[in-house]
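A short write-up of the structure that comes next.
In the numbering used here, the protein residues as written are 1050 to 1180.
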């Protein structure tokens, strides 16, 4: 029985894709387009999904799938303004939204009044060990 279990496990490991492939690995230069939003002030100081406290003054953002520590350039497609942020949280979880920015990052994109902006997100650098 042990030989059968071991053989079955080895076959499964050989057939299943590596985790980075299964999760749709990205590389520097990868882009996506959609809508950006930004965090409400009430989230300041709360713990992010990465474990660090959220800081409205930091240039950080939430993305649903990019690894924590990924550096991205967020560019407003209607004005050309851009900001570079580091991914440290998960979200946003509303349809059509692809990134949630800190207040400081949103301010640099001049989107505080509207709350939303059309953007392109470009991966600049992945964290060490994620490739």
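All C-beta atoms in this analysis are idealised placements derived from N, C-alpha and C, irrespective of residue type, glycine included.
Buried or exposed: residue i, going by 16 or more other Cβ atoms within 10 Å of its Cβ?
i	result
residue 1106	exposed
residue 1161	exposed
residue 1151	buried
residue 1096	exposed
residue 1157	buried
residue 1141	buried
residue 1163	exposed
residue 1080	exposed
residue 1114	exposed
residue 1071	Residue placement at residue 1071 cannot be trusted, given a pLDDT of 34 that sits under 50; the coordinates are not used to answer.
Kindly indicate which residue of the options has the alpha-carbon position closest to the one of residue i.
i	options	result
residue 1109	1134, 1177, 1141	1134
residue 1178	1116, 1093, 1091, 1097	1116
residue 1165	1101, 1127, 1136	1127
residue 1092	1149, 1174, 1176	1149
residue 1103	1167, 1154, 1176	1154
Helix or strand or just coil, what does DSSP make of residue i?
i	result
residue 1080	strand
residue 1154	helix
residue 1149	strand
residue 1223	Since the first and last residues shown for the chain are 1050 and 1180, residue 1223 lies out of range.
residue 1072	Note that residue 1072 scores a pLDDT of 46, beneath 50, so its modelled location is shaky; the value from the coordinates is reported in the next line. Reduced to three states, the DSSP call for residue 1072 is coil.
residue 1113	coil
residue 1087	strand
Are the beta-carbon atoms belonging to residue i and residue j less than 7 Å from one another?
i	j	result
residue 1146	residue 1086	yes
residue 1139	residue 1111	yes
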